[in-house]
Amino acid sequence: MEKILEVNNLVKRYERARVNAVDGVSFSVGEGEFFAFLGPNGAGKTTTISILTTTLAPTGGEVIIAGYDAVKQAKKVRENIGIIFQQPSFDPQLSAEENIRFHACLYGVYGYRPTFRLMPKSYRERVMELAEIVGIADAVFKPIKKLSGGMQRKLEIIRTLVHTPKILFLDEPTTGLDAVSRRGLWDYINRTRRENGTTVFLTTHYIDEAENVDKVCIISRGKIAACCSPEDLKRTLEYDPTPRVCLPTLEDAYIEYLNKTEGSVA
Amino acid sequence: MTELTMNQGFASQSKAIPRRRKSGFPQEVNAVATIVARGILLTLKSPGALIMSLVMPVIMMGMIGGNLSQNMAGGLGYDYGQFMLVGMLVNMLFMTTSQGLSSLVEDRETNFTQEMLIAPVSRYSIVIGTILGSAFTAILSCTGTLAVGLLMGISIGAGQLLAILALSPLMCLAAGAFGMLIIGVVKNKRAVNMAIMLIPMSQMFLSGAIIPINASSGVLLVLSRLMPMTYCLDLVRAVVYAGTPEYGAVVMFNPAITFAAILSLTAVFLTVGTWLFARSETHK
């Protein structure tokens, strides 16, 4: 499998900090892979994802995404990625469609037109089709502040996919969502992966969401504690927490790994 | 994932999405247009901003200017009303553009700055788009100022108004570049908001918008020469007063030099301010 993302000896020390937030991290992600980047709060997940998405400069090391250097060719990298931030990044005063239009035009997919009707037919059809799929067709022209948290998350995914990124970063995408919205969102993300072959880079605190990933990396105190398939990780469990009821979960393996590497699970 | 499903997906997508994206200069122009359009939309959707753009001229032009005109403008040797109207028009362009620019800082709160900074466009396009977007509100404020001026009985010729309108994009850009420098240097959000309010306010008094500064000396003289608005005001007045007997009393510098000074200051402030702003976002 060809590598779409390569991280070599990445280091980040924030200004006036005494320790490295990310301390010599190396890993890679294959094209089309579903990749989970897990770790407790403060382990360095968001710092790493910010460097990978070019919004934060690293102190040292190298990041190559889709063949481009994340520091020297940041603009090229940005053309190839999409990101769902931890916090919604909408303009709350604009409508859902206006936010999508703003994004599509900023990414150069379409030339800007002042109204939805004046936008090209392909744009209008695409937006309505995507809105239909995720079940927010009725809300497309409503202001963002009138949409529920679940709807906003779905809308963010629609918006990010409008420019067909090769790699989609999801930074804790389901935080604060109810069970129904979570399931709906994952159905859509899985469908996107299947249909477009999009590489997905996921960080989450809900370990069950990473149960079906191709590869999982655990970061603890800025260092990589483990990087393998979920099955291999589960095999390293020293005890079977629920031997007579069901098989060990990725969460069991994750917690045991963090305990081993003295990470805080709080 | 079957080969068939994947291919079907790509096929349906290629039909729906233009394969070739805009790139290079056309994409940067498109990005600027998009950000400008957002600025205009935000103004139109916010009744508060619209009301402010009309209330501010009443305070600045009607109350400050009106009182100065009635009580202190004797013996100037030229019509103070027109002098002040031109000053207030440029001042409104400056103040409103600077305040609009603070949306870049406010957007950090809603993470919208992230959404813009993650886009594959030049940081200069983002900044220029934001400046020109707030120029729309600034020009609205000018309409308010003009209306208040007319109500006060101050007259200004159509040709002079057109000249001011023609120069207004340059004035907004100069104001925005100065604002960008402030945002780039001052990182803290509260401090930025204070600076964005206080500096244009000081600039109004230092640069000769409402009070002539021909006889300023000492610290006030030095400060006035550091303010970009001093040159913008002088250039606009040079154009408005061209060929009139008051020209010598009102205009301080040679317009060609003023024009060059505005262009140089704008280019330097915009470059340094944008660089510092982009750096402060990525270097933490």
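For the record, the sequence lines run as chains G and A. Positions 21 to 286 (the numbering used here) are the ones given, in order, by the first sequence. Positions 15 to 298 (the numbering used here) are the ones given, in order, by the second sequence. Each residue gets a CB set at the ideal place from its N, CA and C atoms; glycine is no exception.
Across the set G:Asn28, G:Leu30, G:Arg213, G:Glu176, the C-alpha of G:Glu176 shows the shortest separation from the C-alpha of Ser115 (chain G). The continuous alpha helix (DSSP H) containing Asp207 (chain G) extends over residues 199-216. Taking a Cβ-Cβ threshold of 7 Å, none of the residues of chain G is close to Ala63 (chain A); the smallest such distance is about 10 Å. Distance from the Cα of Ala273 (chain G) is smallest, within the candidate group G:Glu231, G:Arg241, G:Gly242, G:Lys243, for G:Glu231. Counting along the chain, no beta strand (DSSP E) covers Val254 (chain A); the unbroken alpha helix (DSSP H) around it starts and ends at 242-254. Taking Ala172 (chain A) as the centre and dropping the five residues before and after it, the same chain places no C-beta closer than 8 Å to its C-beta. Put simply, the backbone Cα of Ala157 (chain G) is about 8 Å away from that of Glu149 (chain G). Arg98 (chain G) belongs to the set of residues whose beta carbon lies under 9 Å from a beta carbon in chain A. In this structure, Ser182 (chain A) lies near Ala152 (chain A), with their beta-carbon atoms less than 9 Å apart. When the alpha-carbon of Lys166 (chain G) is set against those of G:Phe110, G:Leu58, G:Ala37, the nearest one is in G:Phe110. At least one CB atom of chain A sits nearer than 9 Å to the CB of Lys95 (chain G). Counting every other CB atom within 10 Å of its CB across the protein chains shown gives Glu53 (chain G) a total of 16 or more, marking it as buried. Straight across, the Cα-Cα distance linking Ala205 (chain A) with Pro259 (chain A) is about 45 Å.
Ser231 (chain A) and Ile145 (chain A) have their alpha carbons spaced roughly 33 Å apart. Among the residues of chain G, those whose CB is under 7 Å from the CB of Thr48 (chain A) are Phe122, Cys125, Leu126, Tyr132, following chain order. Per DSSP, the continuous beta strand (DSSP E) segment holding Ser46 (chain G) begins and ends at 42-50.
When the five nearest sequence neighbours on each side are left out, the beta carbons in the same chain lying within less than 6 Å of the beta carbon of Gly114 (chain A) are those of Ser148, Thr151, in order along the chain.
For chain G, none of the residues of the segment 137-151 of chain A brings a beta carbon within less than 8 Å of one of its beta carbons. Across the set G:Arg213, G:Ile178, G:Leu278, G:Asn61, the C-alpha of G:Ile178 shows the shortest separation from the C-alpha of Ile104 (chain G).
Residue contact check for Met66 (chain A) against chain G: no CB pair falls below 9 Å.
The criterion of a C-beta distance shorter than 9 Å is satisfied by Ile120 (chain G) and Val182 (chain G). Between the alpha carbons of Lys174 (chain G) and Gly53 (chain A) lies a gap of roughly 25 Å. At a beta-carbon threshold of 9 Å, the residues of chain A lying near Gln113 (chain G) are Leu55, Leu56, Lys59, Ser60, ordered along the chain.
Here the C-alpha atom of Gly44 (chain G) lies approximately 57 Å from the C-alpha atom of Asp248 (chain A). Two segments are said to touch when three or more pairs of C-beta atoms, one from each, lie closer than 8 Å; by this definition the segment 128-136 of chain A does not touch the segment 243-257 of chain A.
Per the coordinates, the alpha-carbon of Leu64 (chain A) lies some 8 Å from the alpha-carbon of Leu154 (chain A).
Residues of chain G with a Cβ closer than 7 Å to the Cβ of Thr296 (chain A) are, in chain order, Thr75, Leu76, Ala77. With a beta-carbon spacing of about 6 Å, Gln113 (chain G) and Leu56 (chain A) fall inside the 8 Å limit used to define contacts.
At least one beta carbon of chain A lies nearer than 9 Å to the beta carbon of Ser109 (chain G).
Straight-line spacing of the CA atoms in Cys125 (chain G) and Asn44 (chain A) works out to 7 Å.
Residues of the segment 30-45 of chain G whose Cβ lies closer than 7 Å to any Cβ of chain A, in chain order: Tyr34, Glu35.
Secondary structure at Ser238 (chain A): helix, using DSSP grouped into helix, strand and coil. The Cβ neighbour count for Ser168 (chain G), taken over all protein chains shown within 10 Å, is under 16; the residue is labelled exposed. Judged by DSSP secondary structure, Asn29 (chain G) falls within the beta strand (DSSP E) whose first and last residues are 23-32. Interface annotation, Phe219 (chain A): not in contact with chain G, CB-CB separation never under 9 Å. Boundaries of the beta strand (DSSP E) around Val236 (chain G): 235-240.
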